[in-house]
Amino acid sequence: MKAALIWICAKTETWAEKVKSWLAKGVENSIKEQIALPVWLITRR
């Protein structure tokens, strides 16, 4: 039982880390897009 709980906790932690990194990447990409578009529009003129 204890081993199962430890395993579940470990799985949950790795899942949480994956979600965190995925969210961070998503935020990073959306920020880059928001910066890139106006810069691209300005440089295109």
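Sequential numbering of the sequence shown, starting at 15, is according to this note's numbering. Don't be surprised by glycine CBs; every beta carbon is placed ideally from N, CA and C.
Residue i (DSSP reduced to helix, strand or coil)
i	result
Arg-62	Because residue 62 is not part of the residues shown, which for the chain are 15 to 59, the question remains open.
Chain B contact for residue i (CB, 8 Å cutoff)
i	result
Ser-35	Here chain B cannot be found, since the structure has a single protein chain.
Practice task
Please go through the region 16-59 and give each complete alpha helix (DSSP H) segment of 4 or more residues, from N-terminal end onward.
Solution key: DSSP runs (the alpha helix (DSSP H)) wholly in the region 16-59: 16-58.
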